[in-house]
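Each remark here refers to the structure printed beneath this line.
Residue numbers (the numbering used here), protein chains in the order written: chain A, 84 to 199; chain B, 84 to 199; chain C, 41 to 139; chain D, 41 to 139; chain E, -19 to 104; chain F, -19 to 104.
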């Protein structure tokens, strides 16, 4: 099946991105396809390039980059990002920034859209 | 009276900083002193230097800088900031970054500590 | 003490938690989404009225107006104050925020 | 539908809102702080048991363990599943998240 | 595009306005989604119904009054339906007359059925 | 410093662990505050009491198990008191034996009194 993922909360503050990450890994291991992860609301903070968590804690930036390496598309909402300061200079990858139309696209092309 | 302010939520997402801002203005107009504003938890995002809100919306970065011009001390927690990517390169003013001891200092030197 | 409630009573336990901690002479300020507790005809009208038999309750005019609540829709005896009034209450009582 | 609840029932209305929206054949997944609804002896045991007369309820093992809840402390008939089980439930039911 | 080919997406608005940004960013998404010729509907339930309260005046807060967009969602932004849950209104002491725009007030059971017909549900 | 000169600060922990970071960052603050020779106490009420549940195992989540720090707050980090509200425990079906560390279980009325004696209350 094809899964689209919406993440609405920021890293560390809420568990949303951790749950999404674990869900995505399990889905891929079970042979499903992830059409993309759309970051909206405070979710855009997950792709801030300067996260420096303590060494004894998980590094959410690295976990997400690892997903990207496995072919998962990450999309940061441009409007929500600008409002919060996640822009070209501060985002992990400039190419990830895109519009809300991409979220609708995920809804259309995925069998399921899951919100975290 | 002396008021210390603790802000625990990020800009735009929650109303906390708006309430704090309006409270601080009113307190100063009434002749009270603000010992400082300590940003903790997601509150550190309020001092991200790259906020670009839509033109028809309030600019929280400017509102806070305006407070600073009026002599209000703004303090960004270094640990909470690092975890979230609010570090030297991304914060409005590097001098604002400091440790949790400053929050306790506010509690000690203020007649009242108010959490937003 | 001044108990500041900033979450909607329909969505969060903040309002009822604050009530549980109110002592004689304590007061409550409803602000942000907390102001919905002060709306006439809502589910929490009874709880608020029973609280007000012993404690004064205030709500912040900026938050009330933003949410389209008219003064006539506010439960009797809840006092509507502005930020200066909020500041004054903090000078009189030590604040605790329930969110 | 699969109703995903991720807030504590003590603090948020998410759990009771989700219950209100459950139809025949719908299922519920308790995850993150939502798992406290599945704890024996808590305030929501009755509500959960009455829901389970018609609907299946699952909870996520990673969240249960993190919070120190032992399997023996989970209300009977709540099924403990892992992330793969979560994925499987999403393939079977369209998800709606209550937070 | 024929009606059958359209993707049915529903925004489920459960949050009060201004205390958090969820409803404002939800409406920003609705406005964009409207442009894509799909079948987009919006439901207000729980505290979400407060977003539709008429007479909102945010001038003292310094925040944008985004409630002005609700009345033009259907005509200007091609949203198919705006549903408001009857039970949530009642619990909050609100009547149809209190709302800033014309909506379809329906009971929870009818709403459940509509939610069951959606391809994607977006909670805000 | 004499006891009278010390500033009395209380952390009021009301949130469950792991779903949000509040309790983890609260404990980080407690540890720092302990170094300043003031009178710092910690209260667990509401969902905050869940933070003290024993047997937490976060390995499947990949998160740090910060509950290990509670048992050493008093001895190693100079926190004066850890209070847990009796009523919140009961409502959640928890007993003293369920907690990861020794605490002072007190009822709400006694807690109200202690809160009234504080100079600053920090809710988390």
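We treat Cβ as the ideally placed atom computed from N, Cα and C, and that holds for glycine. Only a predicted model underlies this, so the values are computations on that prediction, with no experimental measurement involved.
Kindly indicate the opening and closing residues of the alpha helix (DSSP H) around residue i.
i                     : result
residue 128 (chain D) : 123 to 132
residue 97 (chain D)  : Here residue 97 (chain D) belongs to no alpha helix (DSSP H); instead the beta strand (DSSP E) covers 96 to 100.
residue 152 (chain A) : 143 to 152
residue 87 (chain A)  : Run containing residue 87 (chain A): none in the alpha helix (DSSP H); it sits in the beta strand (DSSP E), 85 to 90.
residue 178 (chain A) : No alpha helix (DSSP H) contains residue 178 (chain A), which DSSP labels as neither H nor E.
residue 59 (chain C)  : 54 to 60
Under a three-way DSSP split, which group does residue i fall into?
i                     : result
residue 137 (chain A) : coil
residue 195 (chain B) : strand
residue 95 (chain F)  : helix
residue 66 (chain F)  : helix
residue 41 (chain E)  : coil
residue 10 (chain F)  : helix
residue 160 (chain B) : strand
residue 49 (chain C)  : coil
residue 49 (chain F)  : helix
residue 100 (chain E) : strand
residue 79 (chain D)  : strand
residue 165 (chain A) : helix
residue 111 (chain B) : helix
residue 92 (chain C)  : helix
residue 105 (chain C) : helix
residue 188 (chain A) : helix
residue 79 (chain E)  : strand
For residue i, collect the residues of the same chain with a Cβ closer than 8 Å to its Cβ; drop the 5 residues on either side in sequence, then sort them by chain order.
i                     : result
residue 102 (chain D) : 122, 123
residue 173 (chain A) : 131, 132, 133
residue 66 (chain F)  : 85, 86, 87, 88
residue 66 (chain D)  : 41, 42, 43, 95, 133
residue 83 (chain D)  : 49, 50
residue 121 (chain A) : 87, 88, 89, 90, 158, 160, 185, 186, 189
Given residue i, which residues of its chain have a CB within under 6 Å of its CB, disregarding the five upstream and five downstream residues?
i                     : result
residue 98 (chain C)  : 69, 119, 121
residue 192 (chain A) : 118
residue 167 (chain A) : 127
residue 57 (chain C)  : 138
residue 30 (chain E)  : -4
residue 108 (chain B) : none
Could one say the Cβ of residue i lies closer than 8 Å to chain F's Cβ atoms, at least one of them?
i                    : result
residue 73 (chain C) : no
Could you tell me the alpha carbon to alpha carbon distance between residue i and residue j, rounded to whole angstroms?
i                     : j                     : result
residue 88 (chain B)  : residue 9 (chain E)   : 34 Å
residue -10 (chain E) : residue 101 (chain E) : 5 Å
residue 161 (chain A) : residue 114 (chain C) : 40 Å
residue 60 (chain D)  : residue 177 (chain A) : 42 Å
residue 140 (chain C) : residue 159 (chain B) : Given that chain C is displayed from residue 41 to residue 139, the structure contains no residue 140 (chain C) and the question cannot be resolved.
residue 181 (chain A) : residue 131 (chain A) : 15 Å
residue 34 (chain E)  : residue 3 (chain E)   : 15 Å
residue 115 (chain B) : residue 103 (chain B) : 14 Å
residue 103 (chain E) : residue 16 (chain F)  : 45 Å
residue 157 (chain B) : residue 165 (chain B) : 17 Å
residue 50 (chain F)  : residue 75 (chain F)  : 17 Å
residue 141 (chain A) : residue 171 (chain B) : 22 Å
residue 51 (chain C)  : residue 74 (chain D)  : 14 Å
residue 130 (chain C) : residue 110 (chain A) : 52 Å
residue 91 (chain F)  : residue 63 (chain F)  : 8 Å
residue 179 (chain B) : residue 155 (chain B) : 11 Å
residue 135 (chain C) : residue -13 (chain F) : 16 Å
residue 73 (chain F)  : residue 85 (chain D)  : 10 Å
Taking Cβ positions only, does residue i come closer than 8 Å to chain A?
i                     : result
residue 167 (chain B) : yes
residue 134 (chain D) : yes
Counting only beta-carbon separations shorter than 8 Å, does residue i have a partner in chain E?
i                     : result
residue 125 (chain C) : no
residue 149 (chain B) : no
Tell me the residue span of the beta strand (DSSP E) that contains residue i.
i                     : result
residue 19 (chain F)  : 19 to 24
residue 119 (chain A) : 116 to 122
residue -9 (chain F)  : -12 to -7
residue 67 (chain C)  : 67 to 70
residue 137 (chain C) : 135 to 138
residue 111 (chain D) : No beta strand (DSSP E) contains residue 111 (chain D), which DSSP labels as neither H nor E.
Taking 8 Å as the CB-CB limit, is residue i close to chain C?
i                     : result
residue 96 (chain E)  : no
residue 144 (chain B) : no
Compare the C-beta of residue i against all C-beta atoms of chain B and say whether one is closer than 8 Å.
i                     : result
residue 120 (chain C) : no
residue 95 (chain A)  : yes
residue -16 (chain F) : no
Please tell me whether residue i has its Cβ less than 8 Å away from any Cβ of chain D.
i                    : result
residue 56 (chain C) : no
Leaving aside the five residues before and after residue i along the sequence, list all residues of the same chain whose C-beta is less than 7 Å from its C-beta, in chain order.
i                    : result
residue 93 (chain B) : 125, 126, 128, 129
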